[in-house]
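Here's the structure we're looking at; comments come further down.
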Ligand SMILES: Cc1ncc(C[n+]2csc(CCOP(=O)(O)OP(=O)(O)O)c2C)c(N)n1
Ligand SMILES: Cc1ncc(C[n+]2csc(CCOP(=O)(O)OP(=O)(O)O)c2C)c(N)n1
Ligand SMILES: [Mg+2]
Ligand SMILES: [Mg+2]
């Protein structure tokens, strides 16, 4: 899995090629240092306590070691291990956000969002509005999404479309180490609730990451590749898929432009429309299930706002409308891959 | 509110003009009689017990009196009042469905779906699939959705798009007394989990309902009005809005065809495409929030499957990307109305 | 002994709540409020006795039946009345209404219409206090009902608060009913306070009709919280005089004798008897307080009625602090 | 006195679970299973002692650590091994894997990877039994861990089961840890069994390393359920010998001495000692049972390894009983 991920921008600044997970961990550390009101809460984010001394052991350092090493330096008040009660501690984090702190919640697997769903939708997303702007909710949540790792139906969900649907929430879907650093930092400093979705397939990939601290503006996508014949829109791991597909397409003489959304709420309408105005064709690639998804949303936007520029049907390449299967063979078919993208592109280019 | 709703088909069979809520109550009664494995569970669905005799009082007969009178005839085993613990009793209903019963759950306000969301998404929707088809989940849920009644942000949600997004669930959105009877009966007899969304604005409207028992096939939309110039797609209350808009448009010399989706998962692709192939234009009207919604999905479908027939940008008329406000003046703006539809239609017809 | 100033505050507060609810109901029936309203008259002693120990730096979480909590926490009745009438001058600019009145400047985290959902918010406020080392001056109180006691999030919140030793009070107002459902039906234990044992915290049954008892029990709990000793569960046995919501008919599910028995122990009447019997406050003083409050509530109603509705464009305000996309949706 | 047949079944079952888990781990490390696997060796006495009272008509709900529950409920080890290997011959045709093994024909409602989420399902199965008047022959058992005890849905489920008097047993396997988190940190009460008082039902602390104790306590609870007297909460103190999941390193959060102390009370060894000491089963018989089981598990592994993967098209099967739209998505 540790394959090189070429999504980084290759800045002319000091930096290094690191894994997404390490960029994530580094950024948490930077934000904890930056603002003393930032704290992290989640299950096993330090992981274990000595029976006698009651000291934290950092045995797990969080699922996928996202918080490894932090409890030693920041202590148990800022790296809070929680019992398995997602609704309770997400609710408590919202309460803390409403009263002056900047909580960061590790929800472990994205699937567990469902248990805290009421707190997210009814409290985090609505408080500011229903209280007439009296308060803000500077809450960040993160979790791991996606299929392809044998985790089966209840540990592989990628329903960020559901979160993006909810007014009051923001949702970002980084696709590489570079973007997760900038988006996570921006999310934690943002005054609205932001969900950072980490696809399991990208967290071990590496890309160039500047040493300096930086934020990526929430709601801005980026071009991963410029092209002329077709726009491929990806998000999170599907951006990796789009890039791979664009290379295959190049060999077929097809020049694809790749747009990486980075955020799904807010959503960068401009970059999508700009690209489609040039290429006149679009394929949206999304690992989420298809119905009422971000892929649907992007299709709806272009069929409204770029209608006059479209020369071909708007195509989506998504996961099927099924839960995620366990068996490897099936799971590989489940997750959209570059071959799916290439054949869809060929179908609308009439090849 | 008790205004006449003209959505009924006007069968040449015995029947009468009744309110949506009465059709709903009658259908529950019929289904309880039809199958002894059908039972209903929810908060206050009978409502109250005598302190001395412990007998049910039917004081509430359910929110909006949906279950009024049923406990007298079917008893507390089949009309089960539940404590306020949506995750618990929805989970128990799923367990009952897995072991041979046909539970019907009253979730009161649609908003409370969030509390039982994990049980719905992780258990109800996935059991059949992740257990390799060993079981079925003949569960029906219903709740009241929608703004316009002064219930404010936490009692007015209409996020059926979120449910439709989930593989394994079915979602129906009746728009009148006729359709709720047929859809509710079909839902209860269906072997998959089905969510019946009752918009608060339609439940007091009346329409013609045949006396006989009938089912409306899940996943089939219907034409409420035939027209030539533009397709208006509605669901639940927005179908009422579309019909009203079509009448206004008629006066402007614009002939609108109105498609009422009835189900949003499964979704009737054929009727949408068929209509657009004829009218070459479409406006989708949806009270749900816009991002990654059913409105987006319909737009995505036509911009793929009916692309060559489209003569104008695909337009959505939806609620804003905000929670539902309390104050009447704001709420009236929040809910899409026929004027919004008319002006959108005029914009794409170049009037 | 409670000093006179506090006694007067208690009386003012209870009577203010009583009158507010009665006027509010009147306005609701006149069609001057939207949606549903849930009056809390009968239960006045609970928020009064508890909030008597709190300052603006303490936080409370509330419910659909939140007017009493708001008033006891110091919110202005005119803004509240305006909010319930959906006016722009209301606490939430008309966006929230009866079920979502909030005032963060007063330590009022907002009423919440999802039963149980505000409980962890109060825990979070207590977490902030502890995190900032300010438990002495800032604690959290979660108000919730007997019905809410069946929600899982209460269990989670009490467990969290206990293991993290948070300065929070779980104040369960057992008014015997959740909508029409009696607590003897829905709650599997005689006294909800006994569930405190499950979390290794104190649990106290309190007569919620007696503001002095509430004041005393709450005092203990508040002290414990401020001293960093962790949470307490209080169960306050009380009664709502009116229906679940404005249009609810109580005679369908409870006996009038039952209501009468509770009304005999009315918190305002028994307060009056006690303070006059013990010559702590004079009858004249009580009367003059009543008059003041009556005037205040009258003005609050006028303020609400004469205030403007929110401008249409405010529909799109305050969803986010900052969001680049157009929120107007698609029309 | 437990009859010989039952004793032999217990021994077979515990040893079958032990060996299954060890072989399963071996296969996981060889890369023959996908994702994560959660071994339950050490805890064998719990499902064995409980399921000894159950038939195929009784229902159990299980967890991510579910192999032991499955085996004790009578599921075939070959199909289980195949499922874990993602094979088409597995209980769920390879769709479920280690965390979702189910066999409805055996009364096994499915392992569940959402901590706590299967608890209300077992309550629902008990509801079906009561609804159909079949409590005598059908009850529900919810297996869950100490970690799951913090989930709100447990509270809700126990309250529901109590007020509805459902024939269900809440079997909390307290193996001291939830992942790396010790239960003394996360659980606010000494004995989880004590929380039964909150629901007015019996709560019993049981030595989960002793199958005889488990059998006895479960017997009482099962009897109660079948007699229509309602639910029981059992807390079975036990220990998992291996890490939380196959690759978890226990030495990072628990002492080897602790493990050794628990291993001294190993359920299989103490069973062997007791039955041979008391001359209930001969050593030779025990040895021959072991051999049988070793052969069975060997064959189960071979069956799994030699079975085919599911055909690609099955990806789209069994989402719904009936759904007219194309599920293939959009490619
Ligand atoms: C999660 C949720 N479920 C159901 C409701 C509907 N509801 C509103 S108030 C109420 C009863 C609450 O009872 P209790 O907690 O005792 O408070 P009380 O009304 O007696 O003050 C119910 C069921 C709701 N608002 N939220
Ligand atoms: C809702 C949810 N939260 C978190 C997890 C991750 N997780 C899996 S097992 C586990 C620990 C469970 O502990 P316990 O209930 O004691 O069972 P044990 O693993 O000890 O058998 C956790 C936190 C999960 N699967 N589901
Ligand atoms: Mg109550
Ligand atoms: Mg455990």
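Chains as they are written, first to last, in the working numbering: chain A, 4 to 354; chain B, 4 to 354; chain C, 9 to 339; chain D, 9 to 339. All C-beta atoms in this analysis are idealised placements derived from N, C-alpha and C, irrespective of residue type, glycine included.
- Where residue 19(B) is concerned, the enclosing beta strand (DSSP E) starts and stops at 18-22.
- Against residue 260(C), the close residues of chain B are 50, 51, 60, 61, 62 and 63, in the order they occur along the chain (beta-carbon pairs closer than 9 Å).
- Residue 52(A) is bridged by DSSP to 59(A).
- Taking 7 Å as the upper bound on Cβ-Cβ separation, chain B lies near residues 162, 164, 165, 167, 168, 170 and 171 of the segment 159-184 of chain A.
- Taking CB atoms only, residue 301(D) has no neighbour in chain C less than 8 Å away.
- Contact note: residue 329(D) reaches chain B through 131, 139, 193, 194 and 195, using a C-beta cutoff of 8 Å and chain order.
- Secondary structure note for residue 211(C): its beta strand (DSSP E) is the uninterrupted segment 211-215.
- Counting the other Cβ atoms within 10 Å of the Cβ of residue 63(C) gives fewer than 16, which makes it exposed.
- Closer than 8 Å to the CB of residue 92(A) there is at least one CB belonging to chain C.
- By the C-beta criterion, the segment 65-75 of chain D is judged to be in contact with the segment 141-151 of chain D, since at least 3 inter-stretch pairs fall below 8 Å.
- Sorting 277(D), 228(D), 120(D) and 260(D) by C-alpha distance to the C-alpha of residue 51(A) places 260(D) at the top.
- Neighbours of residue 103(D) across chain A, judged by C-beta separation under 9 Å: 155, 156, 326, 328, 329, 330 and 333.
- Not one heavy atom of ligand 2 falls within 7 Å of the beta-carbon of residue 161(C).
- Within chain B, no C-beta atom comes less than 7 Å from the C-beta of residue 28(A); the nearest is roughly 28 Å away.
- Residue 128(C) sits buried, since 16 or more C-beta atoms from the chains shown fall within 10 Å of its C-beta.
- In this structure, residue 154(D) has its beta carbon less than 7 Å from a heavy atom of ligand 4.
- For a cut-off of 8 Å, the C-beta gap from residue 128(B) to residue 82(B) is around 26 Å, too long to register as a contact.
- Ligand 2 never approaches residue 238(A) closely enough for any of its heavy atoms to be under 7 Å from the residue's Cβ.
- The CB of residue 97(B) comes closer than 7 Å to the CB of 129 and 132 in chain D, given here in chain order.
- Ligand 4 never approaches residue 167(C) closely enough for any of its heavy atoms to be under 7 Å from the residue's Cβ.
- Contact check between the segment 151-164 of chain B and the segment 183-197 of chain B: fewer than three CB pairs, one atom from each, fall below 8 Å, which does not count as touching.
- Taking one beta carbon from each stretch, the segment 192-205 of chain D and the segment 238-250 of chain D have 3 or more pairs nearer than 8 Å; the two touch.
- Contact of residue 42(B) with chain D by beta-carbon distance below 8 Å involves 139.
- Contact between residue 292(A) and residue 321(A) is confirmed by a C-beta separation of about 7 Å, below the 8 Å threshold.
- Under the 8 Å criterion on CB atoms, residue 148(C) is classed as non-interfacial with respect to chain D.
- Relative to ligand 4, the nearest heavy atom lies less than 7 Å away from the CB of residue 186(D).
- Comparing C-alpha distances from residue 69(C) to each of 95(C), 235(C), 134(C) and 34(C) shows the shortest one belongs to 134(C).
- Ranked by how close their Cα comes to the Cα of residue 311(C), the residues 22(C), 89(C), 14(C) and 43(C) have 89(C) in first place.
- Between the segment 270-278 of chain A and the segment 257-270 of chain B, the count of C-beta pairs closer than 8 Å stays below three; the two stretches do not touch.
- Beta-bridge partners assigned by DSSP to residue 201(A): 147(A).
- Residues of the segment 236-266 of chain A with a Cβ closer than 7 Å to any Cβ of chain C: none.
- No Cβ of chain D is located within less than 8 Å of the beta carbon of residue 145(B).
- Runs of the beta strand (DSSP E) lying entirely within the segment 223-296 of chain A and spanning at least 3 residues, in chain order: 225-228, 233-237, 259-263, 266-268 and 285-289.
- Ligand 3 has a heavy atom closer than 7 Å to the beta-carbon of residue 183(C).
- At a cut-off of 8 Å, the C-beta of residue 97(D) has no neighbouring C-beta in chain A.
- In this model, residue 35(A) and residue 172(D) are separated by some 49 Å (Cα to Cα).
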